[in-house]
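These notes are about the structure you will find just below.
2 protein chains.
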Amino acid sequence: MPSMYSFSERRCSALLFVLLMAAAPAAFAQKPRQLTARQVVEKIQNQIGAPLDPNSVDTFKAGDPNTPVTGIVTTFMDTYDVLRQAVAAGANLIITHEPTFYNHLDKTDFLQSDPVYQQKLAYIHDHHLVVWRFHDQWHWRTPDGTIEGFVQAVGWQKYRRPYEQNAFTLPPTTVGRLAADLRDKLNSHSVRLVGDPLLRVTDVAFLPGSSGENQEIRQLERDDVQVLVAGESWEWETVSYVRDAVAEGRHKALILVGHEVSEEPGMEYCARWLRPIFPNLQVTFIPAGDPFQNLPQ
Amino acid sequence: MPSMYSFSERRCSALLFVLLMAAAPAAFAQKPRQLTARQVVEKIQNQIGAPLDPNSVDTFKAGDPNTPVTGIVTTFMDTYDVLRQAVAAGANLIITHEPTFYNHLDKTDFLQSDPVYQQKLAYIHDHHLVVWRFHDQWHWRTPDGTIEGFVQAVGWQKYRRPYEQNAFTLPPTTVGRLAADLRDKLNSHSVRLVGDPLLRVTDVAFLPGSSGENQEIRQLERDDVQVLVAGESWEWETVSYVRDAVAEGRHKALILVGHEVSEEPGMEYCARWLRPIFPNLQVTFIPAGDPFQNLPQ
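Taken in sequence, the protein lines are chains R and B. Each residue of the first sequence is one higher than the one before, counting from 67 in the numbering used here. Each residue of the second sequence is one higher than the one before, counting from 67 in the numbering used here.
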């Protein structure tokens, strides 16, 4: 019996069938699964490779870790202003190096009735943000991500001593010129100098942020360290140590560039490190910026 | 029988006798007993009146407390340079507000092989100096000696609020002008400002030195405090709190004048307080001075 369909109709059907078969894999292929904040963090921690201390502060600080991530922000500190910028950028996972709630352990018991804390927490919840702190493992990484970011920001790669991540032999300069150079490169509003600005130096060590007196003094005790560049330190601790060293006639100085200023470049470097790990996610670095203002002259 | 002595000789003897009798009380009177360092400190602590916490840091830090005191020096911090000036002034009891050995508890175990510490300790021993720290009780005193010294140094007595030692209603000014004014009055090389320099303010609270985040935030939470003036505070603590408060649109600011700068006037006041207590001892105030240098422009 002849087919009830014409040759044209059968050819058209065949063409449609071929097109359908070609499109089927794409139609049935799964969309890349949207990672949750928890999954993003797990992937980061696997990538670092170093074991995580159970007492680490690298934990979620606010928000629901099961939230699908729309975008990642890295920053030195998730200030209220950084959170607003993250929302404007369409990102909802904020990776902060420093605390969210004004103390190293992000304890909030003493802030329960504080309006500044309440408003910040409400903003995070209202915008379904998730905050994760990336501090310990970013430092424990080899190389330390914060030191690496700083070195790139100030252009000290070529001065680095072999096998040492944070010790440098600079072209001869003075402590004052070195401090001014760092102030300008890092745009710091709060560089503080202990020692003689006219002291000629080449041997510099760097410790980011607030590493603590023990580490700072250990660096300064080295015969091959003349200047320690650090973020911030108590006046009655390393500052007074250097003061006495100088009074004793030792060739030492201390430059405190500011905590944020010393570690923010490390979070810009963090964003660059994250992008190939999460090719399907927008990774944005948002600087918290120097917290201090310049004074009128 | 006529006397064997002439009238002149008898009159001379009588005169000598009278002179001797007049001088005897002075000759036989006891010289004021030279107080030891321990006795000076006991007298100070009795004068304060407040009970001493057994965990107080107000203890002898170096030298022999049984040393007779030749003179008293008060200072914010017994830096190496202050010790040398004390020796030049003939004083051997140094009353310091801050630590001698670079940490709050003046622990020295981690410094045993440190040359800066060794040289300082040797200097104290070689010159038979005694160092006593006057920190806790000077704060617990009513009024707090450090706050009192600061208020007098900046001339805020007339702005003090009734029944409050550290809260002031200033003539309207801006945060920037207030910070510049404090910088100039206190000769600070390291004033740091968080907030809008153009913010108009009158309501100011002051906390000397590094009072800690809990106290600092408690002051800033007050509706009648717009600006907190303090010595120093970690960037991730009160500094970031104020930063968020400002971003949330609150009428707040923070001025960090420097730790030494905020408390040194209190030790000048301490010297004035001590002088009538020890009328037989020279009491000299020796400023430690701002530890920071100005940067070249």
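Backbone N, C-alpha and C define an ideal beta-carbon position, used for all residues, glycine too. No experiment lies behind these values; they were computed from the predicted model shown.
Following the DSSP letters along the chain, one finds B:D269 inside the beta strand (DSSP E) bounded by residues R266 to L273.
The Cβ-Cβ distance between R:S254 and R:G297 does not fall below 8 angstroms. Using beta-carbon distances, B:Q231 does not count as an interface residue toward chain R, since no partner is under 8 angstroms. Shown here, B:W222 sits in coil according to DSSP, grouped into three states, outside any helix or strand. Looking from the CA of R:V305, the closest CA among B:S306, B:P331, B:I321 and B:A354 belongs to B:A354.
DSSP, reduced to helix, strand and coil, places B:T304 within a helical segment of the structure shown.
A313, E314, R316, G324, H325 and E326: these are the residues of the stretch 313-344 of chain B whose beta carbon lies less than 8 angstroms from some beta carbon of chain R, given in chain order. DSSP, reduced to helix, strand and coil, places B:F200 outside both helices and strands of the structure shown, so it counts as coil. Less than 8 angstroms divides the Cβ of R:R266 from the Cβ of R:P238. Taken atom to atom, the span from the alpha-carbon of R:V293 to that of B:L149 is near 25 angstroms. Taking C-alpha positions only, B:D247 is separated from R:I321 by approximately 25 angstroms.
R:P345: not part of any beta strand (DSSP E); DSSP gives it neither H nor E. Ranked by how close their Cα comes to the Cα of B:E330, the residues R:W302, R:H317 and R:Y307 have R:W302 in first place. If you draw a 10 Å sphere on the C-beta of B:G261, you find 16 or more other C-beta atoms in it, and that means buried. Residue contact check for R:F176 against chain B: a CB pair falls below 8 angstroms. Using beta-carbon distances, B:L259 counts as an interface residue toward chain R, with a partner under 8 angstroms. In its chain, beyond the 5 residues on either side, T235, L236 and P238 have a beta carbon closer than 6 angstroms to the beta carbon of B:T268. By the C-beta density criterion, B:T145 is buried, having at least 16 other C-beta atoms within 10 angstroms. As a beta-bridge residue in DSSP terms, R:T235 pairs with R:D269. In the displayed model, B:K173 falls within coil according to three-state DSSP, outside both helix and strand. In the pairwise beta carbon analysis, the stretch 166-177 of chain R is classified as not touching the stretch 205-218 of chain R: fewer than three pairs are separated by under 8 angstroms. Nearest CB-CB separation between B:L361 and chain R: below the 8 angstroms threshold. In the structure shown, R:K318 adopts coil according to DSSP, grouped into three states.
At least 8 angstroms separates the beta-carbon of R:L347 from that of R:V197. Taking C-beta atoms as the reference points, B:G137 and B:A155 count as a pair closer than 8 angstroms. Taking CB atoms only, B:T145 has a neighbour in chain R less than 8 angstroms away. Your pair B:V182 and R:E282 does not check out as a contact, with CB atoms roughly 13 angstroms apart and the cut at 8 angstroms. Here R:F167 is not bridged, per DSSP, to any residue. For R:V107, the enclosing alpha helix (DSSP H) starts and ends at A103 to I114. One alpha carbon belongs to R:D147, the other to R:P274, and they sit about 23 angstroms apart.
For B:A296, the beta-bridge partners assigned by DSSP are B:L273 and B:L322.
Inclusion of R:P357 and R:E334 in the CB contact set at 8 angstroms is not warranted, their separation being larger than that value. Within its own chain, the residues whose Cβ lies closer than 6 angstroms to the Cβ of B:F126, once the five positions on either side in sequence are excluded, are W198, listed in chain order.
Between the alpha carbons of R:A319 and B:D130 lies a gap of roughly 32 angstroms. The secondary-structure analysis by DSSP pairs R:Q359 across a beta bridge with B:L259. With respect to the 8 angstroms criterion, R:A233 and R:A271 are classified as neighbours on the basis of their beta carbons.
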